[in-house]
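Structure first, commentary second.
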Amino acid sequence: MGLLSWFGGAEKAVEKGSGDRIAERHATQADHVQDYIQAQFEKSYVDGIKVQITAKCFEKCFDIRSTDKKMDASESGCSALCCDRYLDTMEQVRRVLQQRNRR
């Protein structure tokens, strides 16, 4: 009687196909980790874009010398258009880069 048999694990440890199931489980776990990392990368990218938009559009649309704490209509309109333009430009750049990668 072998040591593993003594503990009742010899037959289970060498069961046919168990290595395949273990490999499959590791592959599934690796896929989940890869998906998680990709999601975190995308979140980080989006957060970076938000920071860029905020900085650029604030600089362009708001008068920092103003003592008024409320946005007026021109500042509100400017900031909305600035954000839209920035996002449209980012989307256009993404499409061009995607097309170049396909070539």
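For what it's worth, the working numbering labels the leading residue of the sequence shown as 18, then goes sequentially. A virtual CB, placed ideally from N, CA and C, is assigned to each residue, including glycine.
Going along the chain, which residues of its own chain have a beta-carbon closer than 8 Å to the beta-carbon of S96, five neighbours each way excluded?
-> On the sequence shown, residue 96 is found 79 positions in, with the first residue counted as 1. Cβ neighbours of S96 beyond the five flanking positions: C74, F75, C78, F79 and M88.
Discussion item. So the candidates are A40, S91 and I66; which of them puts its Cα closest to the Cα of Y103?
Written reply: Position 86 of the sequence shown holds residue 103. Cα-wise, what sits closest to Y103 is I66.
Checklist line | 6 Å Cβ shell around D85 - same chain, five flanking residues per side excluded | finding: For this step, residue 85 is matched to residue 68 along the sequence shown. Hits under 6 Å: none found.
Exercise. Determine the direct distance from the alpha carbon of L114 to that of V63, and round the result to whole angstroms.
Key: Translated into positions along the sequence shown, residue 63 becomes position 46. Translated into positions along the sequence shown, residue 114 becomes position 97. Distance between the alpha carbons of V63 and L114 is about 17 Å.
**Request:** May I ask you to report which of helix, strand or coil DSSP gives K73?
**Result:** Counted from its first residue, the sequence shown places residue 73 at position 56. Looking at K73 - three-state DSSP - the assignment turns out to be helix.
* To do: Helix, strand or coil for D64, going by three-state DSSP, please let me know.
  => The residue labelled residue 64 in the question sits at position 47 within the sequence shown. In this structure, D64 counts as helix in the three-state DSSP scheme.
Contact check, I81 vs C100, beta carbons under 8 Å = Along the sequence shown, one-based indexing puts residue 81 at 64. Along the sequence shown, one-based indexing puts residue 100 at 83. No, these two residues do not count as a Cβ contact at 8 Å.
Residue range of the alpha helix (DSSP H) that M107 falls in? Looking up residue 107 in the sequence shown gives position 90. Its alpha helix (DSSP H) spans residues A90 to R119.
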